[in-house]
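Novice:
4 protein chains.
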Amino acid sequence: MELGLVGLGKMGGNMRERIRRAGHTVIGYDRNADLADVHSLEELVGKLSGGPRVVWVMVPAGEPTQSTIDQLAELLEPGDVVVDGGNSRWTDDEKHAEELAAKGIGFVDCGVSGGVWGLENGYALMYGGDAENVAKVQPVFDALKPEGDFGSVHAGKVGAGHFAKMVHNGIEYAMMQAYAEGWELLEKADSVTDVREVFRSWQEGTVIRSWLLDLAVNALDEDEHLDGLRGYAQDSGEGRWTVEAAIDHAVPLPAITASLFARFASRQEDSPQMKMIAALRNQFGGHAVEKK
Amino acid sequence: MELGLVGLGKMGGNMRERIRRAGHTVIGYDRNADLADVHSLEELVGKLSGGPRVVWVMVPAGEPTQSTIDQLAELLEPGDVVVDGGNSRWTDDEKHAEELAAKGIGFVDCGVSGGVWGLENGYALMYGGDAENVAKVQPVFDALKPEGDFGSVHAGKVGAGHFAKMVHNGIEYAMMQAYAEGWELLEKADSVTDVREVFRSWQEGTVIRSWLLDLAVNALDEDEHLDGLRGYAQDSGEGRWTVEAAIDHAVPLPAITASLFARFASRQEDSPQMKMIAALRNQFGGHAVEKK
Amino acid sequence: MELGLVGLGKMGGNMRERIRRAGHTVIGYDRNADLADVHSLEELVGKLSGGPRVVWVMVPAGEPTQSTIDQLAELLEPGDVVVDGGNSRWTDDEKHAEELAAKGIGFVDCGVSGGVWGLENGYALMYGGDAENVAKVQPVFDALKPEGDFGSVHAGKVGAGHFAKMVHNGIEYAMMQAYAEGWELLEKADSVTDVREVFRSWQEGTVIRSWLLDLAVNALDEDEHLDGLRGYAQDSGEGRWTVEAAIDHAVPLPAITASLFARFASRQEDSPQMKMIAALRNQFGGHAVEKK
Amino acid sequence: MELGLVGLGKMGGNMRERIRRAGHTVIGYDRNADLADVHSLEELVGKLSGGPRVVWVMVPAGEPTQSTIDQLAELLEPGDVVVDGGNSRWTDDEKHAEELAAKGIGFVDCGVSGGVWGLENGYALMYGGDAENVAKVQPVFDALKPEGDFGSVHAGKVGAGHFAKMVHNGIEYAMMQAYAEGWELLEKADSVTDVREVFRSWQEGTVIRSWLLDLAVNALDEDEHLDGLRGYAQDSGEGRWTVEAAIDHAVPLPAITASLFARFASRQEDSPQMKMIAALRNQFGGHAVEKK
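Protein chains in written order, with UniProt numbering: chain A, 1 to 292; chain B, 1 to 292; chain C, 1 to 292; chain D, 1 to 292.
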């Protein structure tokens, strides 16, 4: 089939390549002309043959996605479908679906996991929308997903794809935190003389074997005690949204939230709240404080 | 080689089988005569040929392990080795090693992971002790471990095996909690119509694929919404020890500790601390309380 | 001075009484005619003499507050001031301020603390807005606040009042949780034979003496072990907003968030996430599960 | 009455003064001869008149307390009483009681709160032991405690005093953390222009007024944004013991534990666990890491 693909960055570019390898035609547009197959969204839409056209948007969440969808709402025709494969918040999806539905255009939201490994191993896909619209995109989903029985799912209505991907990332935060906490504790134990080999051994036969564990071993092979790194971790937004969604539904998420807060704390040069703790200890107990 | 194996319960019995399949001789003792090859520890030790004898203790931590080791200290001879493969706290290991060393007997501690899957897939092993003692047990370790490059590790000095296994279990707690939190949140989302299929799809191509995820899919295949279960989870002790070890080393473990506390709370019919919260809200705000 | 007061429920009714005791004129409106001094907002505004009129809105956050402000925007005149003393989210305040400013009407947001004790002890007030508008309300603030040097503050710009009150409530959550955790632990200790007397003694000379502690003692005097209560705690919304504000600012709030999650969990008949934990333990270890 | 007091540091010295002001005789011993009234424990015991003698031990927990009690066991006579007023772990108390009981000597454990304020305001006291032994110390308890109805309690059996004091400190940790989290969030809010005045105003009429809040205001008066301090907080041991006691009793303590972990994290130059998070993000997503 033919696909219009908007956004050819690290993710989008590799996805174009994987879809093409599966035998489909991809016409890609990017603001960076060096990456693009066409010079404009108009040209992209024009080059897609009639019949229901499918345009996959793979640009940053927020304004870039919104303005792309606004333009596609003008350029596409009833029966066409827009896929938002970016990291949009699930709460944006219904709004986008309504805007496009007003023109008779379908909408599918798709959470994409895979990172730098996706081109070769395939991308895990979670998508939401009406069956009719999903069906028009199905060949592309099939091209992108990993081989085998798993890796893609029609998760539900519009918004379900991004919601499922968001929860995936929330789980990811807590799993990473789990290994990180365990690693730090092992590094502190006097009796354990080779933490890296412990992690390596866990790759078979244990309850905690996983792909993330394999990556941890890779990282330790590059730098056994991670001496070269700072303990400083960004968060992508999806961890925050997971906690916010949990609050909306009154679901307690202690481990995922602890993982998010650990990242927040890691980015503070000095902790304001711990200054207050130090100040209070000094007030009531005369405990020494560390001056700057 | 020959191995004396004390404790033939669910774990010990399967381990005997796996070691025998590898061609070794195992003489097993258990208080339950139906399971045992011999009638007493004395008989077990007597049946092991001369040369360094190896006896693997696979009984519950605490008193049962202690009394077994006490008896073996009397029965064995200098150069022999005792392996504690049970769930002993790492702080017991040094004590046991010293007690046996006073008689010239070696000691190796070994954390064993594998559960009901170990017989077929192999057991992950983490062991601690002097190289000389470990070497005497090595053929048994090789028989028990999974095939392939991973699954067993000489983690360090005496105590390192149980310490590493304890941390393994701590990580396990937080990973299970991660999936559990994500699952509950997905179940609450209106847009997501098939949570089980979302979990199933995650088994390939995602960052969070793991053996535990595979098990979660198995569980959901048996009972899609886990309607038949109570939200009630035991803890084995190793999660508690992990947190205590972290406190000893001043290592923050927020995700693992949250996972332990969630289990504690799951076992309370009614939460005393939340009664106090309700009472306080009533005191200052006149908020309604729920009477029993 | 004269004040128009909209909303005469538990809080608003007592506030009217306290303001009148200070010698001011209050004209109160409520949808419940039994409580009201006038029959409509129109009548309320009509009864306020010229000069800058001040109308205090004390109705539930969300739609009720919004529709009241919408009506007041039509009825009031340039130079008048609207105070939102309800539990609005701080993010609503700027919107309300702009809507009223378009008509030349001033806006002040005010967080009010005091509960059932406010009539006699005074209400703690945190307000936000331009100095000019605050000045027009000042006599009412002075009437409502507790005697003494403390209890009211001009916290900053529009929104600062509700933001400060929200943080006050977040702190309140964690303080209540602190006492509740300590109380539960003391109740479990074999050696401690009279937990209530321990709490009572803490009211002087300790680092943790506070008004909340006094209330805890009151509650224990009514029901020594809180046997008559269920461990079930509502949350008012402000705890949730506190966590959301923290996420917006990347501030870690582990204790406040733990307190919020404990309330969420207290309201679940059975914990879905702990069902998943039980199911996973059963899958890998053959551990028994509790069936419903 | 007469009291022997061992340990005349910051706490012990002020306590001697307060007891003397109440009209009692205090004979103090300290290793530092400049502080002491006598030159040895022998001399101290010898100077106490017959009748039941009471010796209050106020030295650091662990070895110093143990060796003092060992010596007193030799020097005192049946019917005498030893009070451990230091920060001993409650698990030590029963051991000390048994050691002394073997000589017919009584034992009372006493947790003391009051810090630098105790001399003037009195010390909060929580004590455990048999009524008979407590009665022999009662005049000293009455001298030390604050005026008024509160501030001292016979909490239960031997160990109950230190247990109650330990829980007091656990609650203190979470209350301090509550204010600290709220303060940091307010400092981040654009609309709030004077956080110190918000804190000051909370001292009356709010749900969260407390002595700790008063101290926070003092601290902010000395340094409005705590710019001169590092966000670095020690922990005294009692927070750790509180969490360990909770684990023993399977009581979830999420807020207190979060407060303890925040202190641990505050003392790390760089967080090992966050290095692992950074390393994993780099592995799967190609996310940039910060090199040292």
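Glycine included, every Cβ here is placed at the ideal spot set by N, Cα and C.
Does the CB of Ala265 of chain D have a neighbour CB from chain B at under 7 Å?
Specialist: yes
Novice: With DSSP run on the structure shown, which of helix, strand or coil describes Tyr179 of chain C?
Specialist: It is helical.
Novice: Let me check one thing: in DSSP terms, what residues is Tyr127 of chain A bridge-paired to?
Specialist: A:Cys110 and A:His154
Novice: Can you name, in chain order, every residue of its own chain whose Cβ lies under 8 Å from the Cβ of Arg20 of chain D, other than the five neighbours on each side?
Specialist: Val26
Novice: For a cutoff of 7 Å on Cβ pairs, would you count Thr257 of chain C as touching chain A?
Specialist: It does: the Cβ of Thr257 of chain C has a partner Cβ on chain A nearer than 7 Å.
Novice: Would you please verify whether the beta carbon of Asp84 of chain B is less than 7 Å from any beta carbon of chain C?
Specialist: Cβ-Cβ to chain C under 7 Å: no for Asp84 of chain B.
Novice: Report, in whole angstroms, the separation of the C-beta atoms of Gly79 of chain C and Val57 of chain C, which I expect to be a contact under 8 Å.
Specialist: Contact between Gly79 of chain C and Val57 of chain C fails: their C-beta atoms lie close to 18 Å from each other, not under 8 Å.
Novice: Starting from the beta carbon of residue 293 of chain D, find every residue of chain A whose beta carbon is closer than 8 Å, and list them in chain order.
Specialist: In this structure chain D extends from 1 to 292, so residue 293 of chain D is not present and cannot be described.
Novice: Is the region 203–212 of chain D touching the region 144–151 of chain C, taking contact as three or more C-beta pairs under 8 Å?
Specialist: yes
Novice: So is Arg230 of chain B in contact with chain C if we call contact Cβ pairs under 7 Å?
Specialist: True, the Cβ-Cβ gap to chain C drops below 7 Å.
Novice: Classify Glu184 of chain C: buried if its beta carbon has 16 or more other beta carbons within 10 angstroms, exposed otherwise.
Specialist: Result: buried.
Novice: Just confirm the distance between the C-beta atoms of Leu76 of chain A and Val55 of chain A, as a whole number of angstroms; I'd bet it's less than 8 Å.
Specialist: 7 Å
Novice: Within 7 Å (strictly less), CB to CB, does Arg292 of chain D reach chain C?
Specialist: Looking at the sequence itself, residue 292 of chain D is Lys, so the reference to Arg does not match. Answer no: the Cβ-Cβ gap between Lys292 of chain D and chain C never drops below 7 Å.
Novice: Mapping the DSSP letters down to three states, classify Gly51 of chain A as helix, strand or coil.
Specialist: coil
Novice: Cβ of Arg281 of chain C less than 7 Å from any chain A Cβ?
Specialist: Taking Cβ atoms only, chain A never reaches closer than 7 Å to Arg281 of chain C, which makes this a no.
Novice: Cβ closer than 7 Å: which chain A residues qualify as neighbours of Tyr179 of chain D?
Specialist: Met276
Novice: Hey, Lys291 of chain B and Leu229 of chain C are a contact pair by Cβ (cut 8 Å); roughly how many whole angstroms apart?
Specialist: 7 Å
Novice: Less than 7 Å between the C-beta atoms of Leu5 of chain A and Arg18 of chain A, yes or no?
Specialist: no
Novice: Could you tell me if Arg31 of chain B is buried or exposed, where buried requires 16 or more neighbouring beta carbons within 10 angstroms of its beta carbon?
Specialist: exposed
Novice: Within 8 Å, do at least three Cβ pairs link the region 259–279 of chain B to the region 38–49 of chain C?
Specialist: no
Novice: On the DSSP bridge assignment, give the partners of Leu229 of chain A in chain order.
Specialist: Per DSSP, D:Lys291.
Novice: Can you round the beta-carbon distance between Gly115 of chain B and Ala124 of chain B to whole angstroms, since I take them to be within the 8 Å contact cut?
Specialist: Not really, about 10 Å apart at Cβ, beyond 8 Å.
Novice: If contact is defined by three or more beta carbon pairs under 8 Å, each pair taking one atom from either stretch, is the region 127–137 of chain D in contact with the region 173–190 of chain C?
Specialist: no
Novice: Considering only residues of the same chain and omitting the five flanking positions on each side of Lys157 of chain A, which have a CB-CB separation below 6 Å?
Specialist: Only Gly128 meet the Cβ criterion.
Novice: Assuming Ile208 of chain D is part of the beta strand (DSSP E), what are its boundary residues?
Specialist: Ile208 of chain D -> no beta strand (DSSP E), and no H or E assigned at all.
Novice: Given 8 Å as the limit, is there contact between the region 89–97 of chain D and the region 154–172 of chain D, that is, 3 or more CB pairs closer than that?
Specialist: yes
Novice: Could you give the C-beta distance for Glu2 of chain D and Ser49 of chain D, rounded to a whole number, given that I count them as a contact under 8 Å?
Specialist: Contact flag correct, Cβ pair sits at about 6 Å.
Novice: What is the C-beta distance between Ala255 of chain C and Ala73 of chain D, in whole angstroms, given that I count them as a contact (C-beta under 8 Å)?
Specialist: Rounded, the Cβ-Cβ distance is 43 Å, inconsistent with contact.
Novice: Given a cut-off of 7 Å, decide if Ala216 of chain A and Tyr179 of chain A are closer than it, judged by their beta-carbon atoms.
Specialist: Against a cut-off of 7 Å, the Cβ pair of Ala216 of chain A and Tyr179 of chain A comes out as a contact.
Novice: Is it true that the CB of Gly170 of chain A sits closer than 7 Å to the CB of Gly182 of chain B?
Specialist: yes
Novice: Can you check whether the CB of Arg89 of chain A is closer than 7 Å to the CB of Trp211 of chain A?
Specialist: no
Novice: Looking at the secondary structure, which residues open and close the beta strand (DSSP E) in which Thr25 of chain A lies?
Specialist: Thr25 to Tyr29
Novice: Is the beta carbon of Ser271 of chain A less than 7 Å from the beta carbon of Ser266 of chain D?
Specialist: yes
Novice: Cα separation between Gln273 of chain C and Gly12 of chain D?
Specialist: Rounded to the nearest angstrom, the two C-alpha atoms are 51 Å apart.
Novice: Could you tell me the boundaries of the beta strand (DSSP E) in which Gly4 of chain A lies?
Specialist: Glu2 to Val6
Novice: By Cβ distance, which residues of its chain are closer than 8 Å to Arg209 of chain A, with the 5 residues on each side in sequence left out?
Specialist: Trp202 and Gln203
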